[in-house]
Amino acid sequence: MAALGAGVASGAEESGSGKRVGLIGAGWYGKVDLFCLQQVAPVEVVALCDVDSRMLKDAGERVARWSGGGKKPYLFEDYREMLAREEFDIVIVGTPDHWHALPTLAAMEAGADVWVQKPVSVDVREGQVMLETARRLGRVVQVGTQRRGTPHLIDLKEKVFEAGLLGRIGHAEVCCFYGMGRNQVMPVVEVPDFLNWELWTGPAPMRSFRKGVHPKGWRRFEEYGNGIMGDMCIHMLDTVRWLVGLGMVERVSSSGGILVEKRGSGNIPDTQVATFGFEEFDVVWTHRTWGQAPDKEYPWAFFIYGEKGTVKGDLNKWEFIPHGGGEGMRGTALVEREEFPGDGTADGTNPNVAPGIRGLWRDFLSCVETRERPVADIEEGHRSSAACILANLALKLERSLAWDEKAGEVIDDESARELLARVYREGWEHPWRGHK
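Residue numbers (the working numbering): 1 to 436.
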């Protein structure tokens, strides 16, 4: 376990020492985020929460092993009971997307600073309330958009964008051409006895349980998230926004649908193009779960075009290609397996991704002490999330949408405004209702 704390950035260990941590959503990425936190700071993991009893038990055993000494955290099925029973300095929300808002709001109200996975919400109104609550209570809220903490992309930002090597930028493209399991048939089956399906569903519409929907297949259904747009686009769109310094989207249009992979059980688009209009320039997103990527080197990536050159980048590498000849530049992902041998193991994550998560944790822990806003602050996470959600609404409504950030409203489109807050299932109250 000595290697777990190796490579801690200056001040990270001190700022995180003894912080009481709780995890809501102990599945794949909840554990990954917690593992990366324990790699950079000696926190005290007090409690874990999940509606899957097998997953929860496994997570408790792993955390005890990671922490050393074998001390197991308390285990809870309901996050409300966890927050009522224990006190936390930091709460991690690693649930499916339809469960991001309510636990985050409850944790902030309970006095904790929060790390929440992207997208911050499944509808725009949830995100607006999360941002307002963070500001009202003075909470530090970091969103898991890891590219903002990724070493090789920080290097790109400094060497190319801050140096002005692109000149005037006029266009950007972001894309994903992964299969995403979109064509998978998922039959209706009995709910397993280890899963509380009622609580898993929570505020989402109650649907029959399908084989494979839990733990990862839920992304194929719009009831629980925002499809590939909310899963993959947000990462690359947020990266472009961060690299260039873009604010909130002003207009959004989108087209697509289930055009090719029609046999799958999911209801999210297998093909989608969206144009995000910013004050400075447009960013165009394309995803297909079928066919080949136009650039096989960059199947999930961003491309930024300036008058003096072009930048290509993803989670593995980047390159700057100057126009008219001249020497370009390249960078590759930092791999830290020697310092962090857990990378790439069953407990860890992709070795090219883990440094970015650790970078965000160091930034978050520093901001917990200074009360400054972190690099992936809730406002930035909300802006990128809302842009993706608006793209899906534009697709559904078959028309472009214009956005007024100051008013927090769609401009001159009452039917679109009504869709900014999803209808919660009976027994659950949407936070916007109490916020208005």
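C-beta: ideal position from N, C-alpha, C; glycine also.
- A contact is defined here as three or more CB-CB pairs under 8 angstroms, and the segment 173-189 fails this definition with respect to the segment 364-371.
- For secondary structure counted as the beta strand (DSSP E) over 3 or more consecutive residues, the segment 357-435 holds these complete runs in sequence order: 401-404.
- Its Cα nearest to that of Thr133, the residue Pro103 stands out among Ala64, Gly326, Pro103.
- Cβ-Cβ separation between Val140 and Pro431: approximately 20 angstroms, too far for a contact (criterion under 8 angstroms).
- Between the segment 143-150 and the segment 113-130 there are three or more C-beta pairs closer than 8 angstroms, enough to call the two in contact.
- By the C-beta density criterion, Pro203 is buried, having at least 16 other C-beta atoms within 10 angstroms.
- Unbroken alpha helix (DSSP H) runs of no fewer than 4 residues, entirely contained in the segment 48-74, are found at 53-67, following chain order.
- Taken through DSSP and simplified to helix, strand or coil, Arg210 comes out as strand.
- For Trp290, there is no enclosing beta strand (DSSP E), as DSSP marks it with neither H nor E.
- Ranked by Cα distance from Gly328, the first of Ala107, Leu165, Arg135 is Leu165.
- Three or more pairs of CB atoms, one per stretch, sit closer than 8 angstroms, so the segment 267-274 contacts the segment 217-233.
- In this structure, Val129 is the residue among Ala84, Gly111, Val129 with its C-alpha nearest to the C-alpha of Ala101.
- Tyr79 carries a helical assignment under DSSP once its states are collapsed to helix, strand and coil.
- Gly328 sits in coil when the DSSP states are folded into three classes, being neither helix nor strand.
- Assignment of Glu198 by DSSP, reduced to helix, strand and coil, places it in the helix class.
- Judged by DSSP in its simplified three-state form, Val43 adopts coil rather than helix or strand.
- Only residues of its own chain outside the window of five on either side were considered, and among them Phe177, Thr271 have a CB closer than 6 angstroms to the CB of Arg288, listed in chain order.
- Counting only the Cα atoms, Asp89 lies some 25 angstroms from Ser53.
- Within the same chain, Cβ atoms closer than 6 angstroms to the Cβ of Ser208 are found at Val188, the five residues on either side in sequence being excluded.
- DSSP places Tyr178 outside both helix and strand once states are collapsed to three, so it counts as coil.
- If you look at Ala274, you'll find it in the beta strand (DSSP E) that goes 271-277.
- Rounded to the nearest whole angstrom, the CA to CA distance from Ala112 to Lys262 is 44 angstroms.
- Of all alpha-carbon atoms in Glu158, Asp238, Val91, Pro192, the one lying nearest the alpha-carbon of Val249 is that of Asp238.
- Judged by DSSP secondary structure, Asp97 falls outside any beta strand (DSSP E); it is assigned neither H nor E.
- Three or more beta-carbon pairs drawn from the segment 76-95 and the segment 47-67 are found closer than 8 angstroms, and the two stretches are therefore classed as touching.
- Of the candidates Lys71, Pro73, Glu126, Glu126 places its Cα closest to the Cα of His98.
- Bridge partners of Lys317 according to DSSP: Thr332.
- Inter-residue distance for Gln38 and Glu372 is about 22 angstroms (C-alpha atoms, whole angstroms).
- Listed in chain order, the non-local C-beta contacts of Gly170 below 8 angstroms within the same chain comprise Phe281, Tyr305, Gly306, Glu307, local neighbours out to five positions each way being set aside.
- Contact between the segment 348-356 and the segment 322-339 is present, with at least three C-beta pairs closer than 8 angstroms.
- Secondary structure note for Arg251: its beta strand (DSSP E) is the uninterrupted segment 251-257.
- Look at the beta carbons and you see the segment 251-260 touching the segment 391-400: at least three pairs across the two are nearer than 8 angstroms.
- Around the beta carbon of Trp428, a 10 Å sphere encloses fewer than 16 other beta carbons of the protein chains shown; the residue is thus reported as exposed.
- Setting aside the 5 residues that flank it on each side, Gly408 is surrounded in the same chain by Gln128, each with a C-beta closer than 6 angstroms to its C-beta; the list follows chain order.
- The residues Val284, Phe303, in chain order, have a CB closer than 6 angstroms to that of Glu173 in the same chain once the five nearest residues on each side in sequence are set aside.
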